[in-house]
Amino acid sequence: MELKEFQKRVAYQIYPSSFKDSNNDGWGDLKGIISKLDYLKDLGIGLIWLSPIYVSPLKDMGYDIADYKKINPLFGTMDDFDQLIKKANELDIKVVMDLVINHTSTEHEWFKKAVSDPNSPYRNYYIIQKGSKTKAPNNWDSMFSGKAWKKLPNSDDEYYLHLFCDDQADLNYHNHQVVEEIKDIIKFWLDKGVYGFRCDVINCLYKSTLKNDSPFKILEKGSKYYFNQDGFFKVMKEIREDVLDKYDTFLLGETSHIDVKMGERFIKERALDTFFEFDHIYCDKHKLIPIFKKKFSSKYLMKQIAKWQNSNVWMANYLENHDQLRSISRYGSKKYFFESGSLLATLLLTLRGTPFIYQGEEIGTLNDENITLENTNDVCVHMAYQKAKKALPFSDQKIIKMINETINRDHARKPMMFDDSINGGFNDGQKPWLDANNQYKYNNVLKQQNDPHSLLNYYKKIIKFRKDNDVLVEGDIKFEYITNKINSYYRLKDGKVYLVLLNFSNKKAKYQTVLKLKRVLANYEEEMPFDNIKPYYAAIYEVLKEGE
Ligand code: GLC
Numbered sequence: 085m086e087l088k089e090f091q092k093r094v095a096y097q098i099y100p101s102s103f104k105d106s107n108n109d110g111w112g113d114l115k116g117i118i119s120k121l122d123y124l125k126d127l128g129i130g131l132i133w134l135s136p137i138y139v140s141p142l143k144d145m146g147y148d149i150a151d152y153k154k155i156n157p158l159f160g161t162m163d164d165f166d167q168l169i170k171k172a173n174e175l176d177i178k179v180v181m182d183l184v185i186n187h188t189s190t191e192h193e194w195f196k197k198a199v200s201d202p203n204s205p206y207r208n209y210y211i212i213q214k215g216s217k218t219k220a221p222n223n224w225d226s227m228f229s230g231k232a233w234k235k236l237p238n239s240d241d242e243y244y245l246h247l248f249c250d251d252q253a254d255l256n257y258h259n260h261q262v263v264e265e266i267k268d269i270i271k272f273w274l275d276k277g278v279y280g281f282r283c284d285v286i287n288c289l290y291k292s293t294l295k296n297d298s299p300f301k302i303l304e305k306g307s308k309y310y311f312n313q314d315g316f317f318k319v320m321k322e323i324r325e326d327v328l329d330k331y332d333t334f335l336l337g338e339t340s341h342i343d344v345k346m347g348e349r350f351i352k353e354r355a356l357d358t359f360f361e362f363d364h365i366y367c368d369k370h371k372l373i374p375i376f377k378k379k380f381s382s383k384y385l386m387k388q389i390a391k392w393q394n395s396n397v398w399m400a401n402y403l404e405n406h407d408q409l410r411s412i413s414r415y416g417s418k419k420y421f422f423e424s425g426s427l428l429a430t431l432l433l434t435l436r437g438t439p440f441i442y443q444g445e446e447i448g449t450l451n452d453e454n455i456t457l458e459n460t461n462d463v464c465v466h467m468a469y470q471k472a473k474k475a476l477p478f479s480d481q482k483i484i485k486m487i488n489e490t491i492n493r494d495h496a497r498k499p500m501m502f503d504d505s506i507n508g509g510f511n512d513g514q515k516p517w518l519d520a521n522n523q524y525k526y527n528n529v530l531k532q533q534n535d536p537h538s539l540l541n542y543y544k545k546i547i548k549f550r551k552d553n554d555v556l557v558e559g560d561i562k563f564e565y566i567t568n569k570i571n572s573y574y575r576l577k578d579g580k581v582y583l584v585l586l587n588f589s590n591k592k593a594k595y596q597t598v599l600k601l602k603r604v605l606a607n608y609e610e611e612m613p614f615d616n617i618k619p620y621y622a623a624i625y626e627v628l629k630e631g632e
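Structure follows, in structure tokens:
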């Protein structure tokens, strides 16, 4: 079957506030992104996903939208946006926007009208319910910690639902007018030349009922009534048929709380074209209480990845994004910086599905060791800290350490490190909205561009290799070993077979095979005998046929 464009390209996520600040006001902006499109083209990128750039009070860094059709002045103007699309088109780079439609900011006009006038039609755009002076309408929890209801301003007993922070009010998809508004927003951006959308927390937008959940459920009370509901499929079907089908576009879902069967249903019923799963990210922290770290297991990580790779769906693959800690800090090793970074690159770029690289991943940006609670902006860190302080018998210091090592999203949100000038070349010296990561002094794009053996140049090489070899794009995948050291899988198409071999550990390892192999790409220059494979060795071999 002919693949669609989003399936053939290598994607790159840009976090606009931290990518490139062109006017030195401390905030990344669209002109900054435009100035770096050549860099991305040179890296081999064919699609960029922009985290939200709309008008927003930035309580959750733009995932709280106050106007879906206007650009946040901090990031520039609509004219800049049109320029971005134009330049991206010239370079054959597709632009994907973030679509945050589970909730709006409480500063959105709709919400303000809903609050100021109980008879306004906008009242029914949100999930507003009567409780009592002391009791919310039901016992649901917010996904960010705390309760999911907050009293309306000026009311004693009326509440609005917020599954995330209380500046993010959930929209009411039982009201068909809301679906109409969303269709209109999607059409607006598609007409501007946007290629597709990454749909934020999309599979919880439809709340089937507002019943109480079991009082015995410890966490995420209410979630069974809003994740993956039939109503969600119905809404997406309408959006698909009325808008999307008229364009060459695609939807990428951010979808936690799913299994493979549900993922297959997303695709079969065309609710989504591809999606990000969440299973593999729990290889170093607990699923139920993510601030509890567990020892990283590459076997766990690879097992989860393999589970999705073995399904029928086309995955959007990622190791990092703006919500995750840096991957070498989590899954690799500072000591084996290049080796583990290039192993992760090899994994990401040889899986079946669309690879998503997050800004800074291509130079192996590490977590920021100087992060503190005071210099953290991330709203969910502060909420988690308050909750943990009440619930856990640990010292303040220990709680902060636990949070910083597991869920502090600011590690990934620090300004991009382009060179070793002040603030890493993010801007000309104005204090950035989030302090720079001091690593830029010894690790940055420029330095790696000038080093033929750098991680950045390895990314370039393997992206090119993927693009030149349809086996890696279109081929089937078959896993061989999944262990805490050796991991191996085959990519196969029309009789051509590649073996991907990874020593996903800081120890030596052994690998046995009866196949005749020719190495075509590797992160060590030296030959690697299979009875003595060095730490974090990663390579692609062509499997030769008899007589070759
Ligand atoms: C998604 C976003 C995250 C945001 C949340 C609420 O998970 O990726 O950054 O905080 O949704 O919108």
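For the sequence shown, our numbering assigns the number 85 to the initial residue and increments by one for each residue that follows. Ideal Cβ placement from N, Cα and C applies to all residues, glycine included.
Q. Okay, do the stretch 553-573 and the stretch 474-491 touch, 3+ Cβ pairs below 8 angstroms being the bar?
A. At 8 angstroms Cβ cutoff, the stretches do not touch.
Q: Give the range of the alpha helix (DSSP H) segment to which tryptophan 194 is assigned.
A: Numbered from 1 along the sequence shown, position 110 holds the residue referred to as residue 194. Segment 193-200, the alpha helix (DSSP H) holding tryptophan 194.
(Q) Threshold first: 4 residues or longer. Then list the alpha helix (DSSP H) segments lying entirely within the stretch 199-235, N to C. (A) Within the stretch 199-235, no complete alpha helix (DSSP H) segment of 4 residues or longer occurs.
Q: Rounded to whole angstroms, what's the CA-CA distance from isoleucine 373 to lysine 318? Just pull it up for me.
A: Along the sequence shown, read from residue 1 onward, the residue named residue 373 stands at position 289. Along the sequence shown, read from residue 1 onward, the residue named residue 318 stands at position 234. So the alpha carbons of these two residues sit roughly 32 angstroms apart.
Q: Report the rounded CA-to-CA distance for histidine 495 versus lysine 171, giving the unit in angstroms.
A: Translated into positions along the sequence shown, residue 495 becomes position 411. Translated into positions along the sequence shown, residue 171 becomes position 87. So the alpha carbons of these two residues sit roughly 30 angstroms apart.
Q | Cβ separation of isoleucine 491 and valine 465, assumed to be a contact under 8 angstroms, to the nearest whole Å | A | Taking the sequence shown and counting its residues from 1, one reaches residue 491 at position 407. Taking the sequence shown and counting its residues from 1, one reaches residue 465 at position 381. Beta-carbon to beta-carbon, isoleucine 491 and valine 465 are separated by about 7 angstroms, close enough to satisfy the 8 angstroms threshold.
Q.
To the nearest angstrom, how far is the alpha carbon of lysine 88 from that of aspartate 407?
A. Here residue 88 refers to the residue found at position 4 of the sequence shown. Here residue 407 refers to the residue found at position 323 of the sequence shown. If I take the Cα positions, the gap works out to 27 angstroms.
Q. Rounded to whole angstroms, how far is the Cβ of tyrosine 209 from the Cβ of asparagine 156, which I believe are closer than 8 angstroms?
A. Counting from 1 along the sequence shown, the entry for residue 209 is found at position 125. Counting from 1 along the sequence shown, the entry for residue 156 is found at position 72. Actually they are not in contact, since the Cβ atoms of tyrosine 209 and asparagine 156 sit about 22 angstroms apart, beyond 8 angstroms.
(Q) Would arginine 324 pass as an interface residue toward chain D - the criterion being a Cβ-Cβ separation below 8 angstroms? (A) Any reference to chain D falls outside this structure, which holds one protein chain only.
Q: Take the Cβ of asparagine 256 as the centre, count every other Cβ of all protein chains shown within 10 Å, and call the residue buried at 16 or more, exposed below.
A: Within the sequence shown, numbered from 1, the residue matching residue 256 stands at position 172. Burial state of asparagine 256 is buried, judged by a 10 Å Cβ sphere holding 16 or more other Cβ atoms.
Q: From the DSSP output, in three-state form, read off proline 439 for me.
A: Start at 1 with the first residue of the sequence shown, and residue 439 comes out as number 355. Reduced to three states, the DSSP call for proline 439 is strand.
Q) Is it the case that the CB of glutamate 338 approaches a heavy atom of the ligand GLC more closely than 7 angstroms? A) Taking the sequence shown and counting its residues from 1, one reaches residue 338 at position 254. Yes, since a heavy atom of the ligand GLC falls inside the 7 angstroms radius drawn around the Cβ of glutamate 338.
Q: Report yes if the CB atom of tyrosine 543 is closer than 8 angstroms to the CB atom of lysine 562, and no otherwise.
A: Here residue 543 refers to the residue found at position 459 of the sequence shown. Here residue 562 refers to the residue found at position 478 of the sequence shown. It is not a contact, given that the beta carbons lie outside the stated cut-off.
Q. By how many angstroms is the C-alpha of alanine 95 removed from the C-alpha of aspartate 633?
A. Only positions 85 to 632 of the chain appear in the structure, and residue 633 is not among them; the question remains open.
Q. Which ranges does the alpha helix (DSSP H) cover as unbroken runs of at least 4 residues, wholly within the stretch 443-514, from first to last along the chain?
A. Whole alpha helix (DSSP H) segments, 4+ residues: 463-475 and 480-490.
Q.
Excluding the 5 residues flanking asparagine 312 on each side, which residues of the same chain have their C-beta closer than 6 angstroms to its C-beta?
A. Position 228 of the sequence shown, counting from 1, holds the residue named residue 312. Correct list, in chain order: Asn287 and Met346.
Q) Just curious, the alpha helix (DSSP H) that glutamine 532 is in, first and last residue? A) Position 448 of the sequence shown, counted from the start, is the residue given in the question as residue 532. For glutamine 532, the enclosing alpha helix (DSSP H) covers residues 529-533.
Q. Does DSSP put methionine 399 in a helix, in a strand, or in coil?
A. Position 315 of the sequence shown, counted from the start, is the residue given in the question as residue 399. In the structure shown, methionine 399 sits in coil (DSSP, three-state: anything other than H, G, I, E or B).
Q: Specify the secondary structure class of arginine 603 as computed by DSSP and reduced to three states.
A: As a first step, residue 603 is located in the sequence shown; it is residue number 519 there, counting from the start. Strand.
Q: Quick one: residues in its chain with C-beta nearer than 7 angstroms to the C-beta of asparagine 507, no 5 flanking neighbours on either side, listed in chain order?
A: As a working mapping, residue 507 is identified with position 423 in the sequence shown. The answer, listed in chain order, is Pro499, Gly513, Pro516 and Ala520.
Q: Just mark aspartate 560 as buried or exposed, buried being the case when its beta carbon has 16 or more other beta carbons within 10 Å.
A: Your numbering for residue 560 matches position 476 in the sequence shown. Label assigned to aspartate 560: exposed.
Q) Where in the stretch 115-157 do unbroken runs of the beta strand (DSSP E), each at least 3 residues long, occur, reported from the N-terminal end onward? A) With a minimum length of 3 residues, the unbroken runs of beta strand (DSSP E) contained wholly in the stretch 115-157 fall at 131-134 and 151-155.
Q | Three-state secondary structure (DSSP) of glycine 337 | A | Within the sequence shown, residue 337 is the residue found at index 253, counting from 1. Shown here, glycine 337 sits in a strand according to DSSP, grouped into three states.
Q: Have a look at the DSSP bridge pairing and note the partners of histidine 406.
A: Residue 406 sits at position 322 when you count from the first residue of the sequence shown. The partner list for histidine 406 (beta bridge, DSSP) is empty, contrary to what the question assumes.
(Q) For the ligand GLC, I want to know if valine 344 counts as a neighbour, meaning its beta carbon is within less than 7 angstroms of at least one of the ligand's heavy atoms. (A) In the sequence shown, the residue the question calls residue 344 occupies position 260. Not under cutoff, so the answer is no.
**Q.** Coil, strand or helix - lysine 242 by DSSP
**A.** Here residue 242 is taken as the residue at index 158 of the sequence shown, counted from 1. Looking at the sequence itself, residue 242 is glutamate, so the reference to lysine does not match. DSSP places glutamate 242 in strand when its eight states are reduced to three.
Q. Taking three-plus beta-carbon pairs below 8 angstroms as touching, is the stretch 136-154 in contact with the stretch 187-199?
A. As far as the Cβ criterion goes, the stretch 136-154 touches the stretch 187-199, which means the pair count is three or higher.
Q: Let me know if glutamate 445 comes out buried or exposed under the rule of 16 or more other beta-carbons within 10 Å of its beta-carbon.
A: Residue 445 sits at position 361 when you count from the first residue of the sequence shown. Here glutamate 445 is buried. Its C-beta has 16 or more other C-beta atoms within 10 Å.
Q: Give the secondary structure of alanine 520 by DSSP, where H, G and I count as helix, E and B as strand, and everything else as coil.
A: If you number the sequence shown from 1, residue 520 lands on position 436. Alanine 520 falls in the coil class under three-state DSSP.
Q: Check the C-beta distance from tyrosine 582 over to valine 557 and give it rounded, since I have them as a contact under 8 angstroms.
A: Translated into the one-based positions of the sequence shown, residue 582 becomes position 498. Translated into the one-based positions of the sequence shown, residue 557 becomes position 473. Rounded, the Cβ-Cβ distance is 12 angstroms, inconsistent with contact.
Q. At what residues does the alpha helix (DSSP H) containing serine 382 begin and finish?
A. To locate residue 382, count along the sequence shown from 1; it is residue 298. Counting along the chain, the alpha helix (DSSP H) containing serine 382 begins and ends at 382-393.
Q: Check whether the Cβ of histidine 406 lies closer than 7 angstroms to any heavy atom of the ligand GLC, and answer yes or no.
A: Taking the sequence shown and counting its residues from 1, the one referred to as residue 406 is at position 322. Yes, since a heavy atom of the ligand GLC falls inside the 7 angstroms radius drawn around the Cβ of histidine 406.
Q: Let me know if phenylalanine 376 comes out buried or exposed under the rule of 16 or more other beta-carbons within 10 Å of its beta-carbon.
A: Within the sequence shown, residue 376 is the residue found at index 292, counting from 1. Exposed, because fewer than 16 other Cβ atoms sit within 10 Å of the Cβ of phenylalanine 376.
Q. Relative to the alpha-carbon of proline 237, which residue among Met227, Asp201 and Leu328 has its alpha-carbon at the smallest distance?
A. By one-based count along the sequence shown, residue 237 stands at place 153. Comparing Cα positions, the closest option is Asp201.
Q. In terms of DSSP beta bridges, what is serine 39 paired with?
A. In the structure as shown, the chain begins at 85 and stops at 632. Residue 39 is therefore absent and cannot be evaluated.
Q | Per-residue DSSP class, three states only, for tyrosine 565 | A | As a working mapping, residue 565 is identified with position 481 in the sequence shown. The answer is strand: DSSP assigns tyrosine 565 an E or B state.
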